[in-house]
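A short worksheet on the structure shown next.
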Amino acid sequence: MSFCIAIDGPAAAGKGTISKAVAKHYNFAHLDTGLLYRATGAKTFEGLTPIDAAEALTAADLERDDLRTGDAGQAASRVAAIPEVRAALVDFQQAFARREGGAVLDGRDIGTVICPDAEVKLYVTASDEVRASRRHQELIGKGEDVTFEQVLEDLRERDERDAARATAPLKPADDATVIDTSDMTIDEAVAQVLALIDARRK
Ligand code: DC
């Protein structure tokens, strides 16, 4: 049986951590769809056009160790605004969403475009400052030399581009439950999400 949990939201809202915890709890497969766009963006650094990069994407591309950098995030957001790039990545995501045994997908357009009939749709968000602070800690931890202000500006620029694009913009699905994690610890956010999913699975 398939069961799709769609988790959308802006950059660094906690989607990834929540999605991993949810997938582990229910023993579902997890797909971080941002990685598809990050890998596509990273391939353009080597001279491929965004559309060629998306069409030629392989599993090995998702294993690159430069996908979590600020540059890869910006490149991802830019290629993600190109309709043909998005189109090249749809089939893979939709097949993943409906695989046997259940799936958690996190991204920007899972509840609106990839899996509009998802059994559970969440939109996870947090204030700009809280998101920037979390991402700043993460990048510093990886040895990146960035300031809080640079991270905040980067997030805002990316969110604006992701929300303003014509194709599959960042926005909550009409039937999504919005969860603001600004004043929650990650454990509290995960507990709230699991309670909501449990109620939906009954
Ligand atoms: O979730 P992330 O920060 O890794 O995503 C990187 C970029 O990829 C994000 O700024 C927009 C794009 N993206 C998208 O357009 N649609 C998705 N489903 C996931 C990511």
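Take 32 as the starting number for the sequence shown in our numbering and just add one per residue. Cβ atoms here follow ideal geometry from the backbone N, Cα and C, with glycine treated the same way.
Helix, strand or coil, according to DSSP, for residue i in the structure here?
i       : result
Asp-96  : coil
Pro-147 : coil
Thr-75  : helix
Ala-52  : helix
Ile-113 : coil
Gly-45  : coil
Leu-67  : helix
Leu-120 : helix
Ala-91  : helix
Asp-83  : helix
Asp-140 : coil
Based on the DSSP output, what are the partners of residue i in its beta bridges?
i       : result
Ala-134 : Cys-35, Ala-60
Leu-153 : Ile-38, Thr-208
Considering only the beta carbon of each residue, do residue i and residue j sit closer than 7 Å?
i       : j       : result
Gly-133 : Phe-59  : yes
Cys-35  : Glu-191 : no
Thr-212 : Leu-136 : no
Thr-71  : Val-110 : yes
Val-182 : Ala-163 : yes
Ala-37  : Ile-141 : yes
Thr-143 : Ala-204 : yes
In its own chain, which residues sit with a C-beta less than 6 Å from the C-beta of residue i, not counting the 5 before and 5 after it?
i       : result
Glu-184 : none
Arg-139 : Asp-39, Asp-193, Leu-201
Apart from the five residues on each side of it in sequence, which residues of its chain come closer than 7 Å, Cβ to Cβ, to residue i?
i      : result
Ala-90 : none
Check: Whole beta strand (DSSP E) runs in the stretch 155 to 231 with 3 or more residues, listed along the chain?
Finding: 208 to 211
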